[in-house]
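First comes the structure, then the notes that go with it.
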Amino acid sequence: MLNTLIFDLDLTLLDSLSATVKGANLLADRFNLPEVTEAKILEGLALPTKEFWINAFGEFKDEWQDFLERKVLPEINRNIKLYPEGEDILKSAKRKGYLLAVASNRAKPWHDLADLNLAKYFDTVVGSLDVLRPKPAPDMLLTIVAQLGVDLQSVIYVGDAEADMNCAKAADIIAIGLTQGGSTPEKLFNAGATYVRPTLASSRDLLGC
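Per the working numbering: the sequence shown = residues 1455 to 1663.
Structure below.
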């Protein structure tokens, strides 16, 4: 019986692409880096945080870290929006007594959810710094299952990237792949999706909320 919903963040719950492009180009301007395009950011959004910046700029320097934390990440979070019906889905799930969690390759997703006033909905949140192996390895989902004390068969994971589907398949968890993040149904199914939907809102029948 379904009792636990786990969500990816970027391009699953959060419409974060344009905000991330804007934030990344603040970094580019500050450190004389080449401006990045939306396509380049989309290419790396599912990666762990450090790998994301390496994908965007070809390198990552420790000297960027303070500027990222003080200026870039707050600017990104100020401009992020929830996908339509996102908060209503979370509210409905809590009313039904579901346990809710996040598995994200962001380094500190708890902080980001707090900035967005969304942390209150989640029973646990696991990021890339909380496990030995980030997605596509199954460690995040298996950690959440252990923390919440639930059965694998009672869990659904919702994500937009092939790495999310690989993660769920490796953990033996039902996965809903969303094409709103730019992936195709074929790629999501091949990566391990159990179901594919175009948007978060259109997955409500599978989530039961």
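For each residue, glycine too, the CB sits at the ideal point set by N, CA and C.
Counting along the chain, the unbroken alpha helix (DSSP H) around Thr1503 starts and ends at Thr1503 to Phe1511.
Inter-residue distance for Lys1525 and Ile1630 is about 34 Å (C-alpha atoms, whole angstroms). By the 16-neighbour rule on beta-carbons within 10 angstroms, Gln1519 is exposed.
Contact check for Leu1586 against Tyr1611 fails: the beta carbons are separated by 9 Å or more. For the options Asp1605, Cys1621 and Gly1662, the alpha carbon positioned closest to that of Phe1643 is the one of Cys1621. Where Leu1632 is concerned, the enclosing beta strand (DSSP E) starts and stops at Ile1628 to Leu1632. Three or more pairs of CB atoms, one per stretch, sit closer than 8 Å, so the region 1547-1563 contacts the region 1599-1618. Beta-carbon to beta-carbon, Ile1543 and Leu1654 are separated by about 7 Å, close enough to satisfy the 8 Å threshold. With fewer than 16 other Cβ atoms inside 10 Å of its own Cβ, Glu1640 counts as exposed.
Per the C-alpha coordinates, the member of Asp1593, Arg1532, Glu1523 and Lys1589 positioned closest to Pro1502 is Lys1589. Leaving aside the five residues that flank Asp1469 on each side, the residues in its chain whose CB is nearer than 6 Å to its CB run, in chain order, Lys1535 and Tyr1537. Beyond the five residues adjoining it in sequence on each side, Gly1613 comes within less than 6 Å, by CB distance, of Asp1462 and Thr1466 in the same chain, given in chain order. By the Cβ neighbour-count rule, Pro1563 is buried, with 16 or more other Cβ atoms within 10 Å of its own.
Taking C-alpha positions only, Arg1532 is separated from Ile1460 by approximately 24 Å. Take Ser1657, set aside five residues on each side of it, and the residues of its chain with a beta-carbon closer than 8 Å to its own are Val1612, Ile1630, Leu1632, Tyr1649 and Arg1651, in chain order.
For Ile1530, the enclosing alpha helix (DSSP H) stretches over residues Leu1527 to Asn1533.
Just measuring C-alpha positions, the residue of Glu1616, Asp1577 and Leu1583 sitting nearest Val1604 is Asp1577.
Val1475 sits in a helix when the DSSP states are folded into three classes.
Nearest Cα to Arg1549 within the set Asp1566, Tyr1575 and Ala1568: Tyr1575. When Glu1497, Gly1540 and Gly1646 are compared, the shortest CA-CA separation from Asn1509 is found for Glu1497. Around Val1599, the same chain offers Leu1606 and Val1609 as residues with beta carbons nearer than 7 Å, after the five sequence neighbours per side are excluded.
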